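Below is one structure; the comments refer to it alone.
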Amino acid sequence: MQLYTDAATAPDNHQSAAGILIIDQGQQHQFKQVLPNSDNHTAEFLAAIAGFKTLLDSYGSAVSVFFYTDSQIIADSVAKGYSKHYAVELATLLHLQDQCQLVVTQWIAESENHGAHQLAQQGLHLKH
Numbered sequence: 001m002q003l004y005t006d007a008a009t010a011p012d013n014h015q016s017a018a019g020i021l022i023i024d025q026g027q028q029h030q031f032k033q034v035l036p037n038s039d040n041h042t043a044e045f046l047a048a049i050a051g052f053k054t055l056l057d058s059y060g061s062a063v064s065v066f067f068y069t070d071s072q073i074i075a076d077s078v079a080k081g082y083s084k085h086y087a088v089e090l091a092t093l094l095h096l097q098d099q100c101q102l103v104v105t106q107w108i109a110e111s112e113n114h115g116a117h118q119l120a121q122q123g124l125h126l127k128h
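Residue numbering for the sequence shown follows full-length UniProt numbering, starting at 1 and increasing by one per position.
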């Protein structure tokens with residue numbers, strides 16, 4: 001199973017949204033969600049958290065997942081198990097990941113995260 005997440009944040013008012021793409025046996029499941037107003041890094045963590053909540057709600061905890069993010073700070077924080085400025089968000093994310101059988105986190109270029117990015121952009125327009 002593959003999980004792609006991305007966040008979109010409007011620079012003028014900090015409105016944020018998440019795009020979540022789950023691929024299960026070749027089937028795409030697309031989700032978009034309004035997030036609390038925040039800066040882009042916080043929104044990326046909130047999008048990842050929303051993605052894992054959606055995954056666990058939909059498939060239960062007996063899943064192995066490849067988690068793809070274009071946020072370097074998320075990929076680095078998960079790998080180190082530490083974040084100076086996003087400790088609460090990271091702890092929540094790691095707690096959700098711990099409920100899965102296996103999680104492999106991988107950073108990907110923004111250009112490779114087009115599906116989740118488009119969903120996040122669409123989610124941003126839900127706020128208007």
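Ideal placement from N, C-alpha and C gives every residue a C-beta, glycine not left out. It should be emphasised that the depicted structure is a prediction, and the values quoted were computed from it without experimental measurement.
- Judged by beta-carbon spacing, residue 4 lies within the 7 Å limit of residue 68, meaning their Cβ atoms are closer than that value.
- Residue ranges of uninterrupted beta strand (DSSP E) with 3 or more members are absent from the stretch 66-106; none lies entirely inside it.
- Considered as a whole, the stretch 17-76 harbours 27-35 and 64-69 as its complete beta strand (DSSP E) runs of no fewer than 3 residues, in chain order.
- Judged by DSSP in its simplified three-state form, residue 124 adopts helix.
- Taking residue 98 as reference, the option from 119, 63 and 87 with the minimal CA-CA separation is 63.
- By the 16-neighbour rule on beta-carbons within 10 angstroms, residue 65 is buried.
- Residue state for residue 118 is assigned as helix, using DSSP reduced to three classes.
- Scanning 46, 108 and 112 for the CA closest to the CA of residue 86 turns up 46.
- As computed with DSSP, residue 7 is found in a beta bridge with 18.
- Annotation: residue 19 to residue 116 spans about 5 Å, alpha carbon to alpha carbon.
- Here residue 90 has 77 and 83 as same chain residues with Cβ atoms under 6 Å from its own Cβ, once five neighbours each way along the sequence are excluded.
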